[in-house]
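Report on the following structure.
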C-alpha cells in the first residue's frame, strides 16, 4: 500500500472541536440519552430519602419490576414500504388534542424531589403541548399550577379523604381554576408498605436528624435549595411529625365505594377519569357509571406488591370497554418504545410519573424538558 503524508487541507475537516459547555446542568443533561441515564444522575444529586421515595415501591418491589419487564418482553413487527414522510405523534384524549401520546402523571411531595417541583413540570408540559396532572398531595397550589400553565391542559388528581368536605373543597378549587379533568384515584384505601421510606424515616418535611445531616454532605445543592426557598407546603397540611406512611393512613378513607364515585361524578362539571383500575370486572363497573375514562394502574407498584401488571391487562380491557370509554395506562413506562407499545395494545393515552421525576431531580425544569424529549424520540 502506497502511503503519503496528509495535506493540511485534508486534515482541516477532521479537526473540529466542540465548544466547551460552561452550563454544567445542560452538559449533564445532554449526556443523558435514556430515562435510566437521568435516573443515575438523579440518584447522585438527591439525598437518599427523597430519591428512594420516588424510586421505590411496595415491599419487595416486584410489581414495579414486573411492569417494566412486561414492556421489555414486547416484540415490534414493523411493516415496510409505507409512506412515513409525515408522522403525527399527537393524540386526542378526553376531548382535546395532546402533541404527544403521554402526559405527566400526578406525583406527591414533588418539591421534596427538587425545589422547582410542579411548576417545572407544568412549564415543561406547556411547552411540549401535553397535559400536566397535579396530585392532592402536591406541593404547589392549584392556582399556582394554573398560573404556570395558563393555556395548557391541567388535570387534578383526587384522593377521597375521611374529611369529605375538605376533599371536595379541593375539587371545587380545581373546577374554578379551569382544570379540565379530574383523576379519582381508587387504589389507595390504606398506605402501601413502602419499606424504603420506613427504613429512611421519610418524614414531611424532611427532619434534620443525624442521618440526614450526614447525607447532606454529598448533596449540598439540594439542601441549599430546600433551605433557601419557600418552605414545603401541601394542599392538605403544612407539617406532619410522622412518616409518610403514617400520614397517609390517617387521611385515606377505606370506606369509599362505587356509590361515592357516582356522587363525586355529580360534583364535577368536566371530564372524570378513574385511576387505579386493576381488573376487567372493575373496569366494567366504573364504565357503567358513565365515567369518561379509566387509567389502568397499580400505582407504580407502590401500593400492593404482586399486583396485576397494567400492560398485561390492557388488551382485554381495551377490547371489552374501549368503545365505551377512554383507556389510559401508567406504571413501568421508561421509554418512547414503551409508550408506542401501550398505544399499539389499545391505550388511548399514557401517563409518566417516575420518568418525569428522574428528569426533575437530574436538572430541574431543564431536566423535565430532557425527559420529555427522550420519551418523544
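Residue numbers (this note's numbering): 40 to 416.
Ideal placement from N, C-alpha and C gives every residue a C-beta, glycine not left out.
CA-to-CA distance, residue j to residue i, given in whole angstroms
i, j, result
"residue 137", "residue 219", "13 Å"
"residue 352", "residue 316", "10 Å"
"residue 302", "residue 311", "12 Å"
"residue 91", "residue 261", "15 Å"
"residue 120", "residue 126", "15 Å"
"residue 265", "residue 54", "44 Å"
"residue 325", "residue 299", "11 Å"
"residue 181", "residue 212", "7 Å"
"residue 42", "residue 49", "15 Å"
"residue 51", "residue 44", "14 Å"
"residue 154", "residue 355", "41 Å"
"residue 40", "residue 69", "42 Å"
"residue 114", "residue 381", "12 Å"
"residue 313", "residue 328", "11 Å"
"residue 400", "residue 152", "6 Å"
"residue 410", "residue 80", "12 Å"
"residue 228", "residue 96", "16 Å"
"residue 235", "residue 102", "15 Å"
Range of the contiguous beta strand (DSSP E) that encloses residue i
i, result
"residue 194", "193 to 197"
"residue 13", "Only positions 40 to 416 of the chain appear in the structure, and residue 13 is not among them; the question remains open."
"residue 303", "No beta strand (DSSP E) holds residue 303; the alpha helix (DSSP H) holding it covers 297 to 306."
"residue 315", "310 to 316"
"residue 224", "220 to 224"
"residue 122", "Careful: residue 122 lies outside any beta strand (DSSP E) and carries neither H nor E."
Residue from the options whose Cα sits closest to the Cα of residue i
i, options, result
"residue 379", "117, 95, 102", "117"
"residue 268", "330, 150, 335, 291", "150"
"residue 374", "204, 110, 337, 203", "110"
"residue 367", "377, 386, 192, 361", "386"
"residue 295", "308, 193, 94, 202", "202"
"residue 187", "206, 209, 207, 216", "216"
"residue 191", "291, 164, 236, 139", "164"
"residue 371", "100, 232, 64", "100"
"residue 94", "341, 179, 402", "341"
"residue 359", "377, 333, 338", "333"
"residue 335", "263, 271, 210, 224", "224"
"residue 369", "337, 363, 83", "337"
"residue 148", "122, 168, 179, 167", "179"
"residue 3", "75, 292, 238, 72", "Residue 3 is absent from the structure shown; the chain starts at 40 and stops at 416."
Strand pairing of residue i, partner residues [DSSP]
i, result
"residue 142", "390"
"residue 172", "194"
"residue 340", "Paired residue(s): none; residue 340 is not in a bridge."
"residue 291", "200"
"residue 372", "Paired residue(s): none; residue 372 is not in a bridge."
"residue 365", "332"
"residue 135", "132"
Endpoints, the alpha helix (DSSP H) within which residue i is located
i, result
"residue 151", "149 to 152"
"residue 80", "74 to 84"
"residue 131", "Here residue 131 belongs to no alpha helix (DSSP H); instead the beta strand (DSSP E) covers 130 to 132."
"residue 94", "87 to 94"
"residue 360", "349 to 360"
"residue 263", "259 to 267"
"residue 47", "47 to 50"
CB contact below 7 Å: residue i versus chain C
i, result
"residue 318", "Annotation note: the requested chain C is absent from the structure, which comprises a single protein chain."
Residue i: CB within 6 Å of a non-hydrogen atom of the ligand ATP
i, result
"residue 354", "The ligand ATP is not part of this structure, which contains no ligands at all."
Three or more C-beta pairs below 8 Å linking the region 392 to 406 and the region 138 to 150: Counting Cβ pairs under 8 Å, three or more are found: they touch.
Would you call the region 153 to 162 in contact with the region 124 to 133, where contact means no fewer than 3 C-beta pairs closer than 8 Å? As far as the Cβ criterion goes, the region 153 to 162 does not touch the region 124 to 133, which means the pair count is below three.
Meets three-Cβ-pair contact criterion under 8 Å: the region 103 to 122 and the region 334 to 351: They touch, by the three-pair rule.
Would the region 191 to 208 count as touching the region 172 to 181 if we require 3 or more Cβ pairs under 8 Å? Touching, yes.
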